[in-house]
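Residue numbers (full-length UniProt numbering): 1 to 213. The C-beta atom is built at its ideal place from N, Cα and C for all residues, glycine as well. Structure first, then comments.
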Amino acid sequence: MVRVMVVDDHPMWRDGVARDLAEAGYEVVATVGEGRQAVRAAGAARPDVVVLDLRLPDMSGAEVAARLAAVEPPPKVLVLSASAEQDDVLEAVKAGASGYLVKSASREEFLDAVRRTADGDAVFTPGLAGLVLGEYRRLAAQPAPAEGPRLTERETEVLRLVAKGLSYRQIAGRLVLSHRTVQNHVQNALRKLQLHSRVELVRYAIEHGLDAD
1 MVRVMVVDDH
11 PMWRDGVARD
21 LAEAGYEVVA
31 TVGEGRQAVR
41 AAGAARPDVV
51 VLDLRLPDMS
61 GAEVAARLAA
71 VEPPPKVLVL
81 SASAEQDDVL
91 EAVKAGASGY
101 LVKSASREEF
111 LDAVRRTADG
121 DAVFTPGLAG
131 LVLGEYRRLA
141 AQPAPAEGPR
151 LTERETEVLR
161 LVAKGLSYRQ
171 IAGRLVLSHR
181 TVQNHVQNAL
191 RKLQLHSRVE
201 LVRYAIEHGL
211 DAD
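Below, the structure is given as structure tokens:
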């Protein structure tokens with residue numbers, strides 16, 4: 001069962017999200033209304049996914065996402081926000097959020113996004129995926145770091161599909177691999193290249209031309 005923590009400062013909304021998750025079979029391990037409380041609770045509750053609002057009374061959601069990345073084990077973060085502003089989306093992704101969904105999404109879209117986030121996919125409200133990929137390309141135009149260790153042929157193949165925006169599940173289907181195997185290849189590539197997030201991995205791929213057809 002996927003363990004989920006809900007972070008939102010509006011009690012009615014927070015309770016509604018938690019209820020939807022519980023009814024769909026997720027284990028809601030904590031519901032909190034402040035950022036610092038969320039970081040503390042994550043260490044104790046050990047959620048697989050944190051559903052995180054950006055507007056919190058004590059700190060920004062992006063700062064919370066960055067601090068959650070230091071929790072052991074680090075949970076995956078799905079931002080659920082009323083804002084679809086470019087700056088908010090990019091700030092959250094750069095801080096380590098795995099996905100970004102606007103609060104106008106349907107219940108079904110939200111529950112599917114939580115499942116996909118738990119699976120390791122990057123999930124975005126339609127229209128935002130292109131924005132994020134555009135930011136990856138902008139970052140790739142900046143000076144590239146020194147060459148890292150050599151990846152295996154399969155790791156490179158997986159990385160090429162990650163750079164094209166495919167989810168881990170789509171990559172598994174394309175390469176006839178298990179979802180877990182794809183995740184392992186991504187983790188191996190991150191470790192070899194000394195990178196820490198999907199954002200950095202896609203930047204590396206674009207810098208090295210792996211997103212080209």
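Using the Cα positions of residue i and residue j, report the straight-line distance between them to the nearest angstrom.
i      : j      : result
Ala172 : Asn184 : 11 Å
Ala38  : Val186 : 28 Å
Asp112 : Arg19  : 15 Å
Leu151 : Arg14  : 43 Å
Thr31  : Glu63  : 18 Å
Leu175 : Val162 : 12 Å
Met59  : Thr156 : 38 Å
Out of the options, state which residue places its alpha-carbon closest to the alpha-carbon of residue i.
i      : options                        : result
Ala24  : Val93, Ala84, Pro11, Met1      : Met1
Ser81  : Leu52, Arg191, Arg116, Ala122  : Leu52
Lys76  : Ala84, Val158, Ala92           : Ala92
Val28  : Val50, Asn188, Ala205, Asp9    : Val50
Ala45  : His179, Gly61, Val7            : Val7
Gly35  : Leu56, Val79, Glu85, Ala113    : Leu56
Ala66  : Ser197, Val202, Gly209, Glu207 : Ser197
Ala84  : Val182, His208, Leu101         : Leu101
Asp87  : Gly61, Asp15, Asp112, Phe110   : Gly61
Ser104 : Val79, Glu153, Glu207          : Val79
So, for residue i: in the same chain, excluding its five sequence neighbours on each side, which residues have a beta-carbon less than 6 Å away from its beta-carbon?
i     : result
Gly43 : Val71
For residue i, which residues in the same chain have their Cβ closer than 7 Å to its Cβ, ignoring the five residues on either side in sequence?
i      : result
Tyr204 : Leu193, Leu195
Asp119 : Tyr168, Arg169, His179
Ala69  : Gly96
Val182 : Val158, Tyr168, Ile171, Ala172
Flag this pair as yes or no: are the beta carbons of residue i and residue j separated by less than 7 Å?
i           : j      : result
residue 295 : Pro47  : Only positions 1 to 213 of the chain appear in this structure, which leaves residue 295 out of reach.
Leu190      : Leu159 : no
| field | alpha helix (DSSP H) runs wholly inside the UniProt domain "Response regulatory" (3–118), at least 4 long, in chain order | value | 11–23, 35–45, 61–68, 86–95
| task | Run through the UniProt domain "HTH luxR-type" (144–209) for me and flag every whole alpha helix (DSSP H) of 4 or more residues, listed as ranges in chain order. | result | 153–163, 168–175, 179–193, 198–207
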